[in-house]
Amino acid sequence: GAVVSQHPSWVICKSGTSVKIECRSLDFQATTMFWYRQFPKQSLMLMATSNEGSKATYEQGVEKDKFLINHASLTLSTLTVTSAHPEDSSFYICSARDQTSAKGNTQYFGPGTRLTVL
Amino acid sequence: DAKTTQPPSMDCAEGRAANLPCNHSTISGNEYVYWYRQIHSQGPQYIIHGLKNNETNEMASLIITEDRKSSTLILPHATLRDTAVYYCIVRVLSGNTPLVFGKGTRLSVIA
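Those protein sequences? They're chains A and B, same order as listed. The first sequence begins at 65 in our numbering and counts up by one. The second sequence begins at -13 in our numbering and counts up by one.
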């Protein structure tokens, strides 16, 4: 149980284009999901908190107009990188919190999406 | 900022127990200790969490000191597949506070 999927697992795009990454909680409902970014040899950095049915909360320094987050259902959140540039190339990881008492509000992570912008 | 301190790297012989330490001297009374690991190019994997009692599951054991200022994650019989970066994180159980990652410990299991 407690599986989080991401799609695509990797994507290569041209500079200036937009890329959408999907994050799904497969066997539980998640009112809250999180998006992280990880550059090579660095730790995960929280980008934003995605709340079902409301606006996302972005961390300081993360441009909300560039990284569009939509959390339209209890099992799906999407991150769209708009007008991507080479410096946006990174490993994007989503996470969802299973708030059932059995799982103790544990946060589970997707497998990640590697974005390369040429 | 992460509220934990971990050694940057450790080695462990295959088949031996791997003991990964973590200091969290400023932990609050309602904060739990969580352990995750990240194998190269994958998303973090949940391992275990605890409040003050020792915990054990199929993956590992978590030993928390009585004053809760430090803990140790134990992999009883490390295999090559346990090579990963291990993160110790403190967080309250309830609410929507996200996990904040420090630099973790890079564990290398050696044949």
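Don't be surprised by glycine CBs; every beta carbon is placed ideally from N, CA and C.
C-beta atoms of residue i and residue j nearer than 8 Å
i	j	result
S153(A)	V126(A)	no
A64(B)	G15(B)	no
I33(B)	L59(B)	yes
T177(A)	S73(A)	yes
K55(B)	S11(B)	yes
S89(A)	A160(A)	yes
S79(A)	H149(A)	yes
K84(A)	T164(A)	no
F155(A)	Q102(A)	yes
L132(A)	T121(A)	no
Y18(B)	L85(B)	no
T95(A)	T113(A)	no
G88(B)	S107(A)	yes
Y72(B)	T42(B)	no
A66(A)	D162(A)	yes
Option nearest residue i by Cα separation, candidates the options
i	options	result
K38(B)	M45(B), T12(B), D53(B)	D53(B)
W21(B)	I49(B), A3(B), C(-2)(B)	I49(B)
A70(B)	H26(B), N5(B), C8(B)	H26(B)
I13(B)	R77(B), A46(B), L61(B)	R77(B)
P114(B)	L79(B), T83(B), S57(B)	No answer is possible for residue 114(B): the residues shown for chain B start at -13 and end at 97.
G117(A)	M111(A), L138(A), L108(A)	L138(A)
G81(B)	H135(A), N115(A), L140(A)	N115(A)
C8(B)	V86(B), L85(B), I96(B), T51(B)	T51(B)
Q31(B)	I75(B), A4(B), D(-3)(B)	I75(B)
T83(B)	N169(A), L140(A), F155(A)	N169(A)
A97(B)	K(-11)(B), D(-3)(B), T(-10)(B)	D(-3)(B)
F98(A)	L179(A), L140(A), V75(A)	L140(A)
L61(B)	A3(B), F87(B), T91(B), G29(B)	A3(B)
A136(A)	P104(A), D162(A), E86(A)	E86(A)
Where the beta strand (DSSP E) through residue i begins and ends
i	result
D(-3)(B)	-5 to -1
E17(B)	17 to 24
M45(B)	Neither: M45(B) is in no beta strand (DSSP E) and is coded neither H nor E.
F155(A)	154 to 162
A136(A)	131 to 137
T142(A)	140 to 145
P7(B)	4 to 9
K84(A)	83 to 89
T91(B)	91 to 96
Within chain B, partners of residue i - CB distance below 7 Å
i	result
S107(A)	F87, G88, K89, G90
Within chain B, partners of residue i - CB distance below 8 Å
i	result
I76(A)	Near I76(A) there are no residues of chain B at all, since even the closest Cβ is about 16 Å away, more than 8 Å.
T142(A)	By Cβ distance, chain B contributes nothing, its closest Cβ being about 17 Å from T142(A), past 8 Å.
Partner residues on chain A for residue i, Cβ-Cβ distance less than 7 Å
i	result
Q28(B)	P175, G176
S80(B)	N169
Y32(B)	T170, Y172
Neighbouring residues, chain A, relative to residue i (Cβ below 8 Å)
i	result
H10(B)	Result: empty, since nearest Cβ-Cβ is about 17 Å, beyond 8 Å.
P84(B)	F98, L110, T113, S159, Q171
Runs of beta strand (DSSP E) lying entirely within the segment 68 to 123 of chain A, each at least 3 residues, in chain order
The DSSP assignment places complete beta strand (DSSP E) segments of no fewer than 3 residues inside the segment 68 to 123 of chain A at 68 to 71, 74 to 77, 83 to 89, 96 to 102, 109 to 115, in order along the chain.
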